[in-house]
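Student: In our numbering, the protein residues as written are 44 to 284.
C-beta: ideal position from N, C-alpha, C; glycine also.
Please read all numbers here as calculations on a predicted model, not as lab measurements.
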């Protein structure tokens, strides 16, 4: 089974910085440490409310990284214009609510089809890859494919938060079927949300998933272990599969 690519989400480095509105910790420094350790991608979510990652963070990351930068954002005109100017490696379209603590579910690509089409048309001209963060649903995957999108990131949140073995098994099967279907349509398949060392192993067994984006768990545990040690721990899990 091919080794899965690791994308490190550094949003919560910025969350800690914004708690004091200071200059530390630096998202760029975290990203450069990750890059030096062989992490394949850096992911950030620039929200409309700018609660953690700021515009300048994204620009600085784009200018200083040698690995792909994946920028999560909503489908608004403001974000579309930002993406067109920035020209990141990848944009992942996500749902966004003002009241949410974190992303609560996948993007409804059926309801958002019009704004997604415009986004894809205007940003793919810059050779930016477009991905969508969606629930593991066959209809959502089919509509994603019809919209001419390059990639999907499957939401592992329900699986990760399952409060019983039975529910977790059901969600794992949904993820497996969704990944297989997306791959059969020629889509690149990533996954993420709520993944930790405790629940990662079953996801690693889904061969169609090529990339995992992990953020909160790595950053939270880094308080105790150090960022480099925590990244290495996750990489070791990915390497043995």
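1) For residue 203, I'd like the list of residues in its chain whose CB is within less than 8 Å of its CB, leaving aside the five on either flank, ordered along the chain.
2) How far does the alpha helix (DSSP H) with residue 184 in it extend, from its first residue to its last?
3) Once you ignore the five residues that flank residue 264 on each side, which residues in its own chain have a CB closer than 6 Å to its CB?
4) For residue 121, report the span of its alpha helix (DSSP H) as first-last.
5) Taking 8 Å as the threshold, find out whether the region 160-169 comes into contact with the region 195-202 through three or more Cβ pairs.
6) I'd like to know whether the C-beta atoms of residue 280 and residue 232 end up nearer to each other than 8 Å.
7) Below 8 Å between beta carbons: does that hold for residue 89 and residue 64?
8) Which residue spans inside the region 79-121 form an unbroken beta strand (DSSP E) run of at least 3?
9) State the Cα-Cα distance for the pair residue 55 and residue 261, rounded to the nearest angstrom.
10) Can residue 50 and residue 113 be called in contact, C-beta distance under 8 Å?
Tutor: This is what the structure gives:
1) 236, 237, 238, 239 and 242.
2) Segment 181-189, the alpha helix (DSSP H) holding residue 184.
3) For residue 264, the CB contacts under 6 Å within the same chain, skipping 5 residues up- and downstream, are 273 in chain order.
4) Unbroken alpha helix (DSSP H) run through residue 121: 120-129.
5) Counting C-beta pairs with one atom in each stretch, the region 160-169 and the region 195-202 have fewer than three that are closer than 8 Å, which means they do not touch.
6) Taking 8 Å as the Cβ cut-off, residue 280 and residue 232 do not qualify as a contacting pair.
7) Contact flag unset, no.
8) The qualifying runs are 84-88 and 112-116.
9) Cα to Cα, residue 55 sits roughly 10 Å from residue 261.
10) Their beta carbons are under 8 Å apart, which means residue 50 touches residue 113 by this criterion.
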